[in-house]
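Colleague: Numbering (the numbering used here), first residue to last: -17 to 955.
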Amino acid sequence: MDGPSHSRQPPRRQSLQKMPSMDEQMRRLVPGKVTEDDHLIEYDALLLDRFMDILQDLHGEEMRDKVQFCYELASECDNADAGEIDAKLEELGEVLKSLDAGESIVFASSLSHMLNLTNLAEEVQIAFRRRVKLKKREFGDENSAITESDLEETFRKLVNDLKKSPMEIFEALKSQTVDLVLTAHPTQSIRRSLLQKHGRIRNCLSQLCQKDITPDEKQEFDEALQREIHAAFRTDEIRRTPPAPQDEMRAGMSYFHETIWNGLPKFLRRVDTALKSIGVNETLPYSVPLIQFSSWMGGDRDGNPRVTPEVTHDVCLLARLMAANLHLSKIEDLMFELSMWRCSSELRARVNDLAAAEKKGAKYYMEFWKPIPTNEPFRVILGDVRDKMYQTRERVRQLLATGKSDISESDTYTSKEQILEPLELCYRSLCETGDKPIADGSLLDVLRQISCFGLSLVKLDIRQESERHSDVMEAIIQYLELGSYKSWSEEEKQSWLLSQLQGKRPLFGHDLPASDEVVEVLNTFKVIAELPNDSFGAYIISMATAPSDVLVVELLQRECHIKQPLRVVPLFEKLDDLINAPASLARLFSIDWYRNKINGRQEVMLGYSDSGKDAGRLSAAWQVFKTQEDCVKVAHQYGVKLTLFHGRGGSVGRGGGPTHLAILSQPPDTIHGSLRVTIQGEVIEQSFGEEHLCFRTLQRFTAATLEHGMQPPRAPKPEWRALMDEITPIATDEYRNVVFREPQFVKYFRSVTPETEYGRMNIGSRPSKRKPSGGIESLRAIPWIFAWTQTRFHLPVWLGIGSAFQYALNKDRRNLQVMQEMYKEWPFFRATIDLIEMVFAKGDPRIAALYDKLLVSDDLQEFGNMLRSKYEETRNLLLLVAGHSEILQGNPTLKQRLKLREPYITVLNVQQVHTLRKIRNQDEVSETSKSPISNKPAAELVGLNPTSEYAPGMEDTLILTMKGIAAGMQNTG
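Right, here's the structure in full:
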């Protein structure tokens, strides 16, 4: 690697009064290279060196020395024995406790930024390795080809190994759809303004490390890099108020403007190129819905009182405004490009019609838009499209501002087909006159963008809890004096609902007595009826349990006069709901009215988060696997094509993990070229935060979905199924015995984790609990996982698995060989074990023990010891089943990355636990609020809210440690 040469050398620990510069003796603390093209250490060192210089310039040499000292001390904990690590953690704690309010904030912010920089170095390394491997393959080195969800390699594998014809692959892609659903779940702890700065840091680093830059360019990139790191450090990391749903929507939609909008046509061009490499000379038709995008931002009202009907209305219009702006810009670009004079007779006739209309008094909406000469026929057509798109945008803008518009809907576009028609005419004309290469340029890209994004940019899903619909029906039934809806049996509910669906009589009028909650549900349906139907996707019913839950929504859509009803999607979340889902689906499909209504297609959503929280990771994963199989069988029995919607989170505890593994470990015959999956929280940034990340995400989903359909993964052997069925109830019992039945657990959980302080991060608009007064059962899966991730204990992921494995071994020692065979040969089991092993790699029971020591009362210490004992037992059994001698034995790259982050996370853990102790024991907090770093009070130093009930600096320090640990752990919620 050319460019600045740096070796990452942590400081040598000496007196804080005189710290030496980084020297060779400490290189042993830094992991070595994994491969020849591994430059992660150099990238990381360059960023951190620049940051440390900035830290010293801004806050003095003493602060830099303290950061270096603590880094080294934490590094030495990695290989220390039990006695040594306690001493080192105590020494580290003494240093951190000695920091005053201002120093604590700067210190935590420094470590948090350093972890963010390490993550950026990893992203640049991933992009670099991908370029290197593509170049090697270009020169014939097939051994260096990318194999994980790479399009070209997937196509070649299907052709060469499975003997699939190129046209079979082409036809499979034409019928394949992957719908990526962006959600506003609050797991992205980094502010949008910082994410944008991080993107510029990533770009500067990539440019700086290129081989062919000049010395002047090198200096300029280096200076730009320092500016961006400085700007990021000077930006307040903390959200001072919770985001509104509209804010979340704008943040999510910004990814479309920055990467997805232009990334989609670039990706589809790569699909065309990959098809050519196997002999397919056709381009993928622009109308093929290979990739689709949906959103829950502003539509997910399950437990979020801030998502009102007005919010849903505004969010839809905001998305339409952004779509109109993007389309208008692309049409104007096309007008400059399509300057040709030759055209087909069909297009010439259209030009003459427009010219005739102009003579009759056509109007131009902008002064600088002038009539276009008819000897530039394509520009005439595109000029008309531009005019109408401009009117479309202005009408949406007026509706958003005032709720009214003086622009007639007839002067605007109301469907994507209306925009496509003139552009298709241009495309046909170019092809007919020998200009197909031009047609397949920017015009094809625009056709693909319009086909994918339409006028709505994304389709908004609506999500509401089933109980809220039951409340509406209860109000209606009482209004009709028919008794109590909630007291009816399921059969009675179905019978009455079907009788109403098959009739035409309205059920209620404006005089329906209703609570605010009932009115909110009905007003949401009215908003759906008012807005264009292409603004919406599915209506998701969370906590669905029975066919009546679906029929109620169908009835309410009719009652609220929705002309094109949304497809209704039951979401099965808890373990029992997943178990009962196939039977519930069979009952639904047995209803003739419903089966005729859905026209042979049904979507079902599977909840990974709440099932894992309800039963533990292993049991939830196995039940989701079986539920998919059984639901597909039921759908096949009734002649229905089933689409499974996977509600996966970013963390392993909520169904997260590598996309490639997740798709290829699904049961055979459950995808069939149709997949919906949520992209949540911090996963949005990891998936679409930069152009190469966007490309990689689209490629992974497309290639893995194709491979699953054309080469289904191996189905489990009967003896594997039998063993899983036998051991998962053991895992569930232990999990529930600890989490729900142990009287000490709730007190322990809230003492040892920052769960009660989680809400202060202001990282989402939705409350952390469905019911403010509830216990663990009402806590949402996100803060449940987030809290345990902070302490490095990850209890929801592993609890119960050790007991399940030990039960299998105690019953028959030969079960070890069976489980090892399952690990080697069954994609589902291997993916499950590998993800849990990754969580153990990020965990540290020694850190968890420190939280116990400082935060937990004496009567709960033994309980914590018991849990850590289970942790160690589970870890050892997991290694035994995987046949590994150490964690991450087969993944040196991930091991290297975790080792880089480990010292920073450890320091932040120690700072966090001591801060929590001070917060919870206010009498230990010093009253001094002045900082030696500045003559100003700590609150003024960092823009604190002085009304915080905590002592000066405590709240910000805590939040910064939480954000830093989240950045280091990466998959936090």
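The C-beta atom is built at its ideal place from N, Cα and C for all residues, glycine as well.
Output the residue ranges of the alpha helix (DSSP H) runs that lie fully inside the region 671 to 752 and measure 4 residues or longer, sorted by chain position.
Modeller: Counting only runs of 4 or more, we get 673 to 692, 700 to 718 and 727 to 734.
Colleague: Which value, in whole angstroms, describes the spacing of the CA atoms of isoleucine 783 and glycine 245?
Modeller: Between isoleucine 783 and glycine 245, the C-alpha separation is close to 41 Å.
Colleague: Rounding to the nearest angstrom, what Cα-Cα distance links arginine 796 and alanine 786 in this structure?
Modeller: Taking the straight line joining both Cα atoms gives about 15 Å.
Colleague: Compare the beta carbon distance of leucine 837 and valine 895 with 8 Å and say whether it is the shorter of the two.
Modeller: Going by C-beta atoms, leucine 837 is nearer than 8 Å to valine 895.
Colleague: Among Val616, Met525 and Asp592, which one has its Cα closest to the Cα of proline 564?
Modeller: When each option's Cα is compared against that of proline 564, the closest is Val616.
Colleague: Okay, do the region 700 to 710 and the region 824 to 831 touch, 3+ Cβ pairs below 8 Å being the bar?
Modeller: They do not touch, by the three-pair rule.
Colleague: Looking at histidine 451: is its Cβ nearer than 8 Å to the Cβ of valine 535?
Modeller: Cβ distance < 8 Å, so histidine 451 and valine 535 count as in contact.
Colleague: Decide if threonine 396 is buried, meaning its Cβ has at least 16 other Cβ atoms within 10 Å, or exposed.
Modeller: That one is exposed.
Colleague: Rounded to the nearest angstrom, how far is the Cβ of phenylalanine 490 from that of isoleucine 458, given a contact under 8 Å?
Modeller: The pair is a contact, with the Cβ atoms about 6 Å apart (cut-off 8 Å).
Colleague: Rank Gln952, Leu942, Phe768 and Ala948 by C-alpha distance to the C-alpha of glycine 84 and give the top, closest one.
Modeller: The candidate whose alpha carbon is nearest that of glycine 84 is Leu942.
Colleague: Along the chain, where does the beta strand (DSSP E) containing isoleucine 661 start, and where does it finish?
Modeller: Element bounds for isoleucine 661: 656 to 661.
Colleague: At 4 residues or longer, what runs of the alpha helix (DSSP H) sit wholly inside the region 343 to 430?
Modeller: For the region 343 to 430, whole alpha helix (DSSP H) runs of length 4 or above, ordered along the chain, are 359 to 384 and 398 to 414.
Colleague: Assuming contact is defined by CB atoms lying nearer than 8 Å, are phenylalanine 137 and methionine 96 in contact in what I supplied?
Modeller: Against a cut-off of 8 Å, the Cβ pair of methionine 96 and phenylalanine 137 comes out as no contact.
Colleague: Could you compute how far the alpha carbon of leucine 861 sits from the alpha carbon of isoleucine 666?
Modeller: Cα to Cα, the separation comes out at about 32 Å.
Colleague: Skipping 5 residues on each side, what residues in its chain have a beta carbon closer than 6 Å to that of leucine 533?
Modeller: If we look at leucine 533 and ignore the five residues flanking it on each side, its Cβ neighbours are Leu479.
Colleague: Using a Cβ-Cβ cut-off of 7 Å (strictly less than) and excluding sequence neighbours within five positions of glutamine 726, which residues of its own chain qualify?
Modeller: Answer for glutamine 726: Leu842 and Phe845, listed in chain order.
Colleague: Can you check DSSP and say which residues form a bridge with valine 550?
Modeller: Paired residue(s): Tyr521.
Colleague: Between the Cα of histidine 444 and those of Gly485, Leu548, Leu144 and Glu541, spot the shortest distance and give me the residue it belongs to.
Modeller: First, the residue type needs correcting, since residue 444 is isoleucine and not histidine in the sequence shown. Comparing Cα-Cα distances from isoleucine 444 to each of Gly485, Leu548, Leu144 and Glu541, the minimum goes to Leu548.
Colleague: Express the C-alpha separation of threonine 679 and tryptophan 278 in angstroms, rounding to a whole number.
Modeller: So the two alpha carbons sit approximately 19 Å from each other.
Colleague: Where do the N-terminal and C-terminal ends of the alpha helix (DSSP H) with isoleucine 67 fall, by residue?
Modeller: Counting along the chain, the alpha helix (DSSP H) containing isoleucine 67 begins and ends at 64 to 79.
Colleague: Measure from the alpha carbon of histidine 239 to the alpha carbon of each residue in Asn307, Asn286 and Asp254, then state which is nearest.
Modeller: Taking only the C-alpha atoms, the option nearest histidine 239 is Asn307.
Colleague: With DSSP as the reference, label isoleucine 211 as helix, strand or coil.
Modeller: Isoleucine 211 falls in the helix class under three-state DSSP.
Colleague: Looking at C-beta atoms only, is the number of pairs between the region 282 to 300 and the region 179 to 186 that lie closer than 8 Å three or more?
Modeller: Taking 8 Å as the limit for Cβ pairs, the verdict is that the region 179 to 186 does not touch the region 282 to 300.
Colleague: Let's see if you can read the secondary structure: which residues bound the beta strand (DSSP E) around aspartate 443?
Modeller: First-last of the beta strand (DSSP E) with aspartate 443: 441 to 447.
Colleague: Please return the same chain residues whose Cβ sits closer than 8 Å to the Cβ of leucine 99, not counting the five positions on each side in sequence.
Modeller: Excluding positions up to five away in sequence, the list reads Asp26, Leu29, Leu30, Phe33, Ile183 and Ile211.
Colleague: Using DSSP with H/G/I as helix, E/B as strand and the rest coil, what is threonine 159?
Modeller: DSSP places threonine 159 in strand when its eight states are reduced to three.
Colleague: Tell me, to the nearest whole angstrom, how far the beta carbon of leucine 300 is from that of leucine 155; I am working on the premise that it is less than 8 Å.
Modeller: Not a contact, Cβ separation roughly 33 Å.
Colleague: On the three-state DSSP scale, how would you describe threonine 506?
Modeller: Here threonine 506 sits in helix by DSSP.
Colleague: Under the three-state reduction of DSSP, which class applies to threonine 625: helix, strand or coil?
Modeller: Residue state, collapsed to three classes: strand.
Colleague: Which of helix, strand or coil does DSSP assign to isoleucine 653?
Modeller: Isoleucine 653: coil per DSSP, three-state reduction.
Colleague: In whole angstroms, give me the CA-to-CA distance for tryptophan 766 and threonine 506.
Modeller: Cα to Cα, the separation comes out at about 29 Å.
Colleague: Excluding sequence positions up to five away, which residues of its chain have a Cβ less than 7 Å from the Cβ of cysteine 613?
Modeller: Closer than 7 Å at the Cβ level, and outside the excluded window around cysteine 613, lie Ala563, Pro564, Leu567, Val586 and Leu624.
Colleague: Kindly list the residues whose CB is nearer than 6 Å to the CB of glutamine 952, restricted to its own chain and excluding five residues on each side of it in sequence; keep chain order.
Modeller: Cβ within range, chain order: n/a, list empty.
Colleague: Just mark threonine 384 as buried or exposed, buried being the case when its beta carbon has 16 or more other beta carbons within 10 Å.
Modeller: So threonine 384 counts as exposed.
Colleague: Under a three-way DSSP split, which group does arginine 324 fall into?
Modeller: Here arginine 324 sits in coil by DSSP.
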